[in-house]
Amino acid sequence: MNFATTVEAMPNGGIIKIQILLDSTDYIKFRFIDQGHGISEERIKNIGEPFFSTKEKGKGLGLMISHKIVREHGGTINIESAVNQGTAVEVVLPIK
1207 MNFATTVEAM PNGGIIKIQI LLDSTDYIKF RFIDQGHGIS EERIKNIGEP FFSTKEKGKG
1267 LGLMISHKIV REHGGTINIE SAVNQGTAVE VVLPIK
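Remember, the working numbering sits 1206 above the position in the sequence shown when you count from 1.
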């Protein structure tokens, strides 16, 4: 996960929200929400796969590595997006 990706998705500016939520005493959620161009459902399915990138010069390894690290710590990464509306990335990690 690269915060620069969020900024790049909004070349004309916009609002980026960062939320930290305690969902329960067991998990903490970090949400990154932009108002960028969004990602199609078709591409969302492939995000996190090795060497898949939506960027012209992307390597397709960043989110794959992020998923691996988060899973090794007992967490998950969830991505919700709507074309022309923006994207929300949620990282959920156990507190203990």
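Note that the Cβ used here is the ideal one computed from N, Cα and C, for glycine as well.
How many Å lie between residue i and residue j at the Cα?
i     : j     : result
K1263 : E1296 : 25 angstroms
T1282 : V1276 : 6 angstroms
P1217 : L1227 : 28 angstroms
I1301 : I1224 : 19 angstroms
G1244 : T1231 : 32 angstroms
I1253 : E1286 : 11 angstroms
Q1291 : G1242 : 6 angstroms
F1238 : A1294 : 6 angstroms
E1255 : K1235 : 23 angstroms
D1240 : E1248 : 19 angstroms
D1229 : F1257 : 33 angstroms
The beta strand (DSSP E) spanning residue i covers which residue range?
i     : result
I1275 : Taken as a continuous stretch (DSSP letters only), I1275 belongs to no beta strand (DSSP E), being part of the alpha helix (DSSP H) at G1268 to E1278.
I1224 : K1223 to L1228
E1248 : Looking at the DSSP string, E1248 is not in any beta strand (DSSP E); the run it does join, the alpha helix (DSSP H), is E1247 to I1250.
N1284 : T1282 to A1288
F1236 : Y1233 to I1239
E1296 : G1292 to P1300
Should residue i be labelled buried (16 or more other beta-carbon atoms within 10 Å of its own) or exposed?
i     : result
I1271 : exposed
L1267 : exposed
In three-state DSSP terms, what is residue i?
i     : result
E1255 : coil
E1262 : coil
Throw me the rounded Cβ distance for the residue i and residue j pair, which I believe falls under 8 angstroms.
i     : j     : result
S1259 : K1265 : 6 angstroms
S1246 : V1298 : With a Cβ gap of about 24 angstroms, S1246 and V1298 do not count as contacting.
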